[in-house]
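Using our numbering, read the sequence shown as starting at 47 and increasing by one per residue. One structure below.
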Amino acid sequence: MKSRKKTVNPIGLEDITIVDDAKMRKAITAAALGNAMEWFDFGVYGFVAYVLGKVFFPDASPSVQMIAALATFSVPFLIRPLGGLFFGALGDKYGRQKVLAATIVIMSLSTFAIGLIPSYASIGIWAPILLLLAKMAQGFSVGGEYTGASIFVAEYAPDRKRGFLGSWLDFGSIAGFVLGAGLVVMISAVVGEEKFQDWGWRLPFFLALPLGMIGLYLRNALEETPAFQQHVEKLEQGDREGLARGPKVSFKEVATKHWRSLMTCIGVVAVTNVTYYMLLTYMPSYLSHNLHYSENRGVLIIIAIMVGMLFVQPLIGFISDKIGRRPFILFGSIALFCLAIPAFMLINSGKLGLIFSGLLIIAVVLNFFIGVMASTLPAMFPTHIRYSALASAFNVSVLIAGLTPTLVAWLVESTNNLYMPAYYLMVIAIVGLVTGITMKETANMPLRGAAPAASDLEEAKELLQEHEDNIEQKIEDIDAQIAELEAKRKNLVQQHPRIN
């Protein structure tokens with residue numbers, strides 16, 4: 047018994063990483079701020095899409111203007127997989143911290159540039175072309191931003207708190223949306239609708255530059271994650287040249303050995319982001335263009351919904367550390383399928399209270415997904431391929447999800463059916479349900495390829511005891527299987543004495 051126990055990969059107390067609280071808080075703050083920067087732009091863009099359509103596509107009808115503006119939002123998602131491959135390889139080779147510093151620079155500069163682009167009336171066709179180029183630069187940088195930030199937080203977080211701490215990453219996402227939407231409403235109210243359409247819409251984009259500088263300062267002050275440092279140390283011990291070359295990442299290895307994790311990642315990201323873009327990017331235009339609400343009134347409803355989401359977000363992450371991530375993916379997918387049509391019946395009622403209730407239903411369902419996504423995805427892959435694999439899978443699914451505003455707007459216009467968004471959500475809910483059924487639970491477990499991580503020495507001792515108990519249980523299971531096989535062998539010998 048004892049000799050067998052020694053062969054089942056034992057660990058000691060010194061092998062458990064005890065996370066430094068100060069470093070962990072810095073990591074979460076820097077990651078969340080960069081994520082807020084990303085979604086600040088998406089939020090602003092979604093809330094001013096009706097203005098951008100007039101500024102950059104003035105000769106088109108109002109419906110085509112909105113679709114064209116949302117299409118400009120969606121096209122950069124074609125670039126995101128390239129950015130994911132590029133930054134993912136760099137992140138696995140040189141570390142997470144350096145890549146995150148680079149992505150926030152590109153993102154803030156390209157967002158700032160949108161505010162500088164002259165209108166179509168000033169420079170003609172070059173206006174929408176420059177807008178598209180700026181959005182493509184954003185898409186390239188964002189390809190490595192969210193995945194890198196989620197990995198950074200996950201690799202810093204203790205195993206028992208990864209859900210709660212990871213939830214603050216998407217807390218930053220929602221906060222970025224709230225900030226972007228709030229600025230749009232405030233500036234529009236201060237300068238008036240006419241001046242807002244003339245030049246006021248540019249002001250929120252200008253804010254990206256100082257936000258980006260703050261984020262860059264915070265990220266440059268961070269140390270590399272413990273998990274990646276451990277990985278580099280293993281490379282040094284095994285091959286002194288390994289640190290210079292960095293870990294080799296083979297996409298073939300990812301696609302063949304980790305295809306189940308890839309499919310799970312794609313499913314989780316798809317159901318989360320389709321719901322995300324439907325609620326926070328498409329719905330403002332839906333309320334104003336299709337339901338004829340004033341732009342500011344529709345935005346205010348969405349802002350109120352998002353403020354409520356901010357308070358729910360950490361709670362979902364905290365509970366997921368207790369009961370797991372899978373229940374939220376499963377229940378969220380079932381709820382999305384069953385409640386999509388009732389939610390849009392309320393939204394299309396024309397009554398403010400019912401509209402708010404319909405949007406709130408979608409928002410609560412969305413919280414189930416985003417509350418666990420940042421802690422679920424990084425746990426699916428080992429350290430040496432985590433960034434590359436996650437960035438590839440994430441951005442393939444986001445490529446699909448990013449088309450949501452454009453596709454839904456086109457479907458509504460071409461069919462004159464205001465329930466097309468609900469049908470769209472029901473289809474993606476099926477994807478989420480299949481994903482939830484097939485995915486493995488990762489809560490309270492060490493990241494693949496990394497040592498267990500604890501908040502303090504006492505928790506480290508508990509983790510060590512759990513590890514030893516698991517080993518003991520495995521040994522007992524093996525002994526039980528051996529005993530069962532031995533009993534079967536003896537029974538077989540008794541029945542057939544000639545068998546040796």
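Think of the CB as a built atom: it goes at the ideal place given N, C-alpha and C, for glycine as much as any other residue.
Asked, Found
"Residue 384, buried or exposed, once every other Cβ within 10 Å from all chains shown has been counted against 16", "exposed"
"DSSP state of residue 538 mapped onto helix, strand, coil", "helix"
"Close Cβ partners of residue 64 (< 6 Å) along its chain, the five nearest in sequence each way excluded", "500 and 506"
"Residue 529, DSSP secondary structure in three states", "helix"
"Same chain, Cβ closer than 8 Å to residue 83, neighbours up to 5 away in sequence not counted", "150, 153, 154, 157, 222, 254, 257, 258 and 261"
"Contained alpha helix (DSSP H) runs [length at least 4] in the segment 329-357, N- to C-terminal order", "none"
"CB of residue 392 within 8 Å of CB of residue 403, strictly", "yes"
"Inter-stretch contact at 8 Å, needing at least 3 Cβ pairs: the segment 130-137 / the segment 178-196", "yes"
"Beta carbon of residue 197 nearer than 8 Å to that of residue 538", "no"
"Neighbourhood of residue 215 by C-beta distance below 7 Å, restricted to the same chain and skipping five residues each side", "77, 78, 81, 195, 196, 199 and 420"
"Beta-carbon spacing of residue 355, residue 233 below 8 Å", "no"
"Beta-carbon proximity list for residue 246, same chain, < 6 Å, skipping 5 on both sides", "233 and 237"
"Close beta carbons around residue 411, own chain, < 6 Å, minus the five adjacent residues each side", "378, 381 and 382"
"Burial state of residue 460, where buried means 16 or more other Cβ atoms lie within 10 Å", "exposed"
"Helix, strand or coil at residue 64 [DSSP, three-state]", "strand"
"Contacts around residue 207, its chain only, beta-carbon distance under 7 Å, and the 5 residues preceding and following it disregarded", "367 and 501"
"Inter-residue Cα distance where the pair is residue 409 and residue 473", "18 Å"
"Cβ separation of residue 266 and residue 147, assumed to be a contact under 8 Å, to the nearest whole Å", "6 Å"
"Local Cβ density within 10 Å of residue 447, reported as buried at 16 or more and exposed below that", "buried"
"Closest residue to residue 126 among 365, 181, 166 and 532 (Cα-Cα distance)", "181"
"Three-way DSSP call (helix, strand, coil) for residue 203 in this model", "coil"
"Runs of alpha helix (DSSP H) wholly within the segment 455-492 (minimum 4 residues, chain order)", "466-484"
"Between the CA atoms of residue 328 and residue 315 - distance to the nearest angstrom", "18 Å"
"Best match in 137, 100 and 177 for proximity to residue 243 [C-alpha to C-alpha]", "100"
"Option in 226, 394, 416 and 340 with minimal Cα separation from residue 362", "416"
"According to DSSP, residues forming a beta bridge with residue 499", "63"
"Nearest neighbour of residue 145, chosen from 268, 91 and 75 [CA to CA]", "268"
"Contacts around residue 217, its chain only, beta-carbon distance under 8 Å, and the 5 residues preceding and following it disregarded", "78, 356, 359 and 360"
"Residue burial classification, residue 353 (beta-carbon count within 10 angstroms, cutoff 16)", "exposed"
"Three-state class that DSSP yields for residue 160 in the structure shown", "helix"
"Length of the line joining the Cα atoms of residue 270 and residue 445", "29 Å"
"Residue ranges of each alpha helix (DSSP H) within the segment 238-275, 4 or longer", "248-252 and 254-266"
"8 Å CB neighbourhood of residue 286 in its chain, flanking five on each side removed", "Residue placement at residue 286 is flagged as unreliable, the pLDDT there being 47, under the threshold of 50; the coordinate-derived value follows with that caveat. Cβ neighbours of residue 286 beyond the five flanking positions: none."
"Given residue 310 as reference, the closest of 336, 251 and 371 once Cα atoms are compared", "371"
"Where residue 303 sits in the DSSP three-state scheme", "helix"
"Minimum C-alpha distance to residue 142 - residue among 340, 159, 462 and 434", "434"
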